[in-house]
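Only one structure is covered here, and it is reproduced in the block below.
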Amino acid sequence: MSVICQLSTSINGKISGPFMAEEEQKIYRPRAYESINNSYNSDAWLCGRVTMEEGFTNFHQPELKEDYTEYPREDFVADSDAEMYIVSADPSGKVGWTQNYVEYAGRPDAHIIEILTDKVSDAYVSYLREHNISYIFSGEESIDCTSAAEKLHELFGIKTLMVSGGGYVNWSFLQEGLIDEMSIVMTPITDGSTETNTIFERADYLPEIDPVKFELKDVKRLDGDVVWLNYLTRK
């Protein structure tokens with residue numbers, strides 16, 4: 023499976039913040055991002071819990087039942103032949119989905135796959151079953167990205183995965199040597215915020231590793247002075 027990390031950033035590498043609300047960039051940034059994303063013909067894209075809640079559920083809380091049905095702690099495939107998948111890195115099971123697919127930016131409806139760890143509650147697993155949402159188990163306390171990637175390929179036939187998470191999710195995949203390519207859509211703007219995330223950030227519970235190096239594959243100037251930077255990861 024090929025894994026591409028694609029992000030839209032400010033000129034100083036931020037992936038969120040006030041810069042995203044600028045009117046001019048509401049036009050050029052999404053247009054460039056979607057055009058490049060479509061060029062990869064990916065089967066799925068992956069985001070972290072916070073991105074999912076912000077972008078797709080409006081922080082809706084899952085309605086967990088006290089008299090839930092207890093299911094075996096096994097992977098569940100609700101749809102193995104979807105045109106598109108969206109993968110939610112949700113270790114504890116907190117995203118409050120109300121249906122088993124999302125609609126986004128003219129892409130095909132994407133069937134939801136939840137990546138869970140052993141610390142998820144049985145009530146949440148039952149909640150996913152009720153909504154016919156696929157899920158896989160990968161890791162005890164934190165997500166084992168290598169195992170998750172293997173299962174996404176084996177169970178769902180995913181060949182090209184776009185990782186577009188927050189800094190922690192992106193770094194988790196990178197430190198396990200899973201990211202093959204970087205696709206960065208950089209907008210000519212910054213807000214100087216010190217409270218927003220960058221492309222890669224290491225969680226405190228992860229071990230320190232040597233810096234990861236990349237080699238430039240391509241660079242393009244796009245409309246609105248947006249720049250596309252395309253790197254390959256040095257293996």
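For the sequence shown, my numbering assigns the number 23 to the initial residue and increments by one for each residue that follows. All residues carry an ideal CB built from backbone N, CA and C; glycine is no exception.
Worksheet entry | CB contact flag (A132, V124, <8 Å) | Taking the sequence shown and counting its residues from 1, one reaches residue 132 at position 110. Taking the sequence shown and counting its residues from 1, one reaches residue 124 at position 102. Yes, they are a contact pair.
Worksheet entry | Own chain partners of V147 with C-beta closer than 6 Å, once the 5 adjacent residues on each side are dropped | In the sequence shown, residue 147 corresponds to position 125, counting from 1. These residues qualify, in order along the chain: Y93.
Item to complete: Take N122 and list the residues in its own chain whose beta-carbon comes closer than 7 Å to its own, dropping the five residues that flank it on each side.
Response: Here the question's residue 122 lines up with position 100 in the sequence shown. Closer than 7 Å at Cβ, skipping near neighbours: A100, H133, I134, H153, N154, I155.
Worksheet item: With 16 as the cutoff for other CB atoms within 10 Å, does N60 come out buried or exposed?
Response: Counting from 1 along the sequence shown, the entry for residue 60 is found at position 38. Its Cβ having fewer than 16 others within 10 Å, N60 is exposed.
Worksheet item: Roughly how many whole angstroms lie between the Cα atoms of E56 and L244?
Response: Here the question's residue 56 lines up with position 34 in the sequence shown. Here the question's residue 244 lines up with position 222 in the sequence shown. Cα to Cα, the separation comes out at about 13 Å.
Worksheet entry | Whether T255 touches I37 by CB criterion (8 Å) | Walking along the sequence shown from the start, residue 255 turns up at place 233. Walking along the sequence shown from the start, residue 37 turns up at place 15. No.
Worksheet item: So, S102 versus F178, is the Cβ gap smaller than 8 Å?
Response: For the purposes of this step, residue 102 is taken as residue 80 along the sequence shown, with counting starting at 1. For the purposes of this step, residue 178 is taken as residue 156 along the sequence shown, with counting starting at 1. In contact: S102 and F178 (Cβ atoms closer than 8 Å).
Practice prompt. Entirely within the region 184-248 and at least 3 residues each: give me those beta strand (DSSP E) ranges in chain order.
Written response: Runs of the beta strand (DSSP E) lying entirely within the region 184-248, each at least 3 residues long, are 203-208, 236-243 in chain order.
Discussion item. Suppose contacts are defined by Cβ-Cβ distances below 8 Å. Is W250 in contact with K242 by that definition?
Written reply: The sequence position of residue 250 within the sequence shown is 228, counting from 1. The sequence position of residue 242 within the sequence shown is 220, counting from 1. Going by C-beta atoms, W250 is nearer than 8 Å to K242.
Discussion item. In this structure, how does DSSP classify Q28 when only helix, strand and coil are distinguished?
Written reply: The residue given as residue 28 occupies position 6 in the sequence shown. DSSP places Q28 in strand when its eight states are reduced to three.
Worksheet item: Is it a yes or a no for the region 83-90 touching the region 196-216, going by three-plus beta-carbon pairs under 8 Å?
Response: no
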